[in-house]
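Here the sequence shown is numbered in numbering that gives the first Met the number 0, starting from 0 and rising by one per residue.
The block underneath contains the structure these notes are about, expressed in C-alpha cells.
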Amino acid sequence: MIDRSVTAEGSAGRALRPTQALFRRLLLINGLLFSAATLVLAFSPATVSAPVQITEIPVLVIGLLLILAANAVLVRGSLAPLDALATLMQRVDLLRASDRLTERDHGDVTHLVHTFNTMLDRLEAERSESSAHALAAQEAERQRIARELHDEIGQSLTVVLLGLKRTVDRAPAELREELHAMQETVRDSLDEVRQVARRLRPGVLADLGLQSALHALSSEFGELRVNRWVDHDLPELSPDVELVLYRIAQESLTNVARHAGAAEVDLSLTVRRGQLTLRVTDNGTGGIEHEGAGIRGMRERALLIGAKLTVTSTVDGTDVCLRVPR
Numbered sequence: 000m001i002d003r004s005v006t007a008e009g010s011a012g013r014a015l016r017p018t019q020a021l022f023r024r025l026l027l028i029n030g031l032l033f034s035a036a037t038l039v040l041a042f043s044p045a046t047v048s049a050p051v052q053i054t055e056i057p058v059l060v061i062g063l064l065l066i067l068a069a070n071a072v073l074v075r076g077s078l079a080p081l082d083a084l085a086t087l088m089q090r091v092d093l094l095r096a097s098d099r100l101t102e103r104d105h106g107d108v109t110h111l112v113h114t115f116n117t118m119l120d121r122l123e124a125e126r127s128e129s130s131a132h133a134l135a136a137q138e139a140e141r142q143r144i145a146r147e148l149h150d151e152i153g154q155s156l157t158v159v160l161l162g163l164k165r166t167v168d169r170a171p172a173e174l175r176e177e178l179h180a181m182q183e184t185v186r187d188s189l190d191e192v193r194q195v196a197r198r199l200r201p202g203v204l205a206d207l208g209l210q211s212a213l214h215a216l217s218s219e220f221g222e223l224r225v226n227r228w229v230d231h232d233l234p235e236l237s238p239d240v241e242l243v244l245y246r247i248a249q250e251s252l253t254n255v256a257r258h259a260g261a262a263e264v265d266l267s268l269t270v271r272r273g274q275l276t277l278r279v280t281d282n283g284t285g286g287i288e289h290e291g292a293g294i295r296g297m298r299e300r301a302l303l304i305g306a307k308l309t310v311t312s313t314v315d316g317t318d319v320c321l322r323v324p325r
C-alpha cells in the first residue's frame, strides 16, 4: 500500500521546488553583490571617517547606486520568465488551444512553466470532455423537440388544415374568403414548424450525406444569395465531424442572415493537401467587437474534432474558416 503521507510530502516538495530555487538564486545574487562591495571597501584606497565627512558622501552614494543597479539587473533577469507567465495567464482562453510557454531557457522557473502548461492541458481536456457531453445532450434534446414538433404539433396543424378545407367546401360564399385566409395562415404555420424541425434535426445529413445537407441548408436562407462550392472527392468523414461541419455552417449562415446585413455569402468545403476546410464569407458590414455565444459555441464544437476555427471580421464582411486536420 502507498503511504499517502509520503506521497503528499513528495508532492509538496515538488510544488515548493521552483520557489526554493528562485529563493536560492536571489540569495546568491545578493550575497555576491554584498561580498563584492565588501572586497572593494577592504582593498580600495577609499576610506570612510567616523563621523562621515561631507566629501565622502558622494563616494558612498555612488557605491550604493552601483550596488542597487547591479542587483536590479540581475534580479530582473531572474524574474523575467514570471512576467511572461503572468502575461499568458491574462490572455489564456481554453477555447483557443496551443497557447503555451516554451519550457526551455527559463532557468529556475522551468518547473513552474512546465506545471502551468500541464495544468492548461488538463483543463482543456476536461473542458473538451464536458463540452462533448453537453453538446451530445443538446443534440439529443434537439432531436426530441424536432420529433415532437413533427409528430404532434405538425399532425395537429395538418388535422386543422384538413378540417378547414372541409369547412370551406360547405361554407357560404361570404365566409369563404376569410376561411381561405385562415387556411393559408395554418399552412404557413405548418411549413414553419417543419422548417424548425429540419433545423433542429438535419435528417438529410444522416440520410443523404453532408453535401446534400449543405445544399438543403443553403436553400433555407432565401433572403441571401448563397454561392456554394463543395468538392466532390471529400474523404470519408465520421458522423461527429459531419455534424460539427454542418452545425458551424448553419450557425455562420444564421449569423449572416441576422446580423451582417449581407446580400451575398460564399460557402465552400474543400480539401487541399489532406486538410479539410470549411469557409463562410459574406459581404456584410462585419466589424465584430466581441464574440457572442454563437461564435463561442462554434469554437467548442471545433475543439471536439481537433479543428481550428478562425473568425476574421472587417468593415467589408466576415470570414469564418474551420480547418480540420488530416
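No residue lacks a Cβ here, since even glycine has one placed at the ideal position from N, Cα and C.
In terms of Cα proximity to Arg186, the closest of Arg200, Ser217, Gln154 is Gln154.
Cβ atoms of Thr184 and Asp230 stay farther apart than 8 Å, at about 43 Å.
Taking the Cβ atoms as the reference, Ala259 lies roughly 5 Å from Asp281, within the contact range of under 8 Å. The DSSP-derived three-state label of Glu219 is coil. Around the C-beta of Val314, fewer than 16 other C-beta atoms lie within 10 Å, and the residue is accordingly described as exposed. If you check the CB distance, Leu266 and Val255 do not come in under 7 Å. Counting only unbroken stretches of 4 or more residues, the alpha helix (DSSP H) elements lying wholly within the region 234-277 are 238-254, in sequence order.
Of the other Cβ atoms in all chains shown, 16 or more fall within 10 Å of the Cβ of Ser130; this residue is therefore buried. In the pairwise beta carbon analysis, the region 149-165 is classified as not touching the region 218-227: fewer than three pairs are separated by under 8 Å.
Closest in C-alpha terms to Phe33, from the list Ile294, Leu67, Arg23, comes Leu67.
For Arg298, the enclosing alpha helix (DSSP H) has its first and last residue at 292-303. Nearest in C-alpha terms to Arg246, of all of Glu290, Leu275, Gly283, Pro201, is Pro201. DSSP places Asn282 in the coil class of the three-state scheme, outside both helix and strand. Assignment of Thr309 by DSSP, reduced to helix, strand and coil, places it in the strand class. Contact between the region 117-131 and the region 293-304 is present, with at least three C-beta pairs closer than 8 Å.
When the alpha-carbon of Val195 is set against those of Arg257, Gln142, Cys320, the nearest one is in Gln142. Cα atoms of Leu174 and Met181: separation of roughly 11 Å, rounded to the nearest angstrom.
Secondary structure of Val60 (DSSP, three-state): helix. Between Leu275 and Val323 a beta carbon distance of about 4 Å is seen, short of the 8 Å cut, so the two are scored as contacting. Ala205 and Gly76 have their alpha carbons spaced roughly 59 Å apart. Using a 10 angstroms sphere on the CB of Ala212, the tally of other CB atoms reaches 16 or more, which defines it as buried. Measuring C-alpha to C-alpha distances from Arg325 to each of Gly283, Arg298, Glu250, Val240 identifies Val240 as the nearest.
For Gly162, the enclosing alpha helix (DSSP H) starts and ends at 153-169. In the assembly as shown, Ala139 is an exposed residue. Its beta-carbon has fewer than 16 other beta-carbons within 10 Å.
Boundaries of the beta strand (DSSP E) around Asp318: 316-323.
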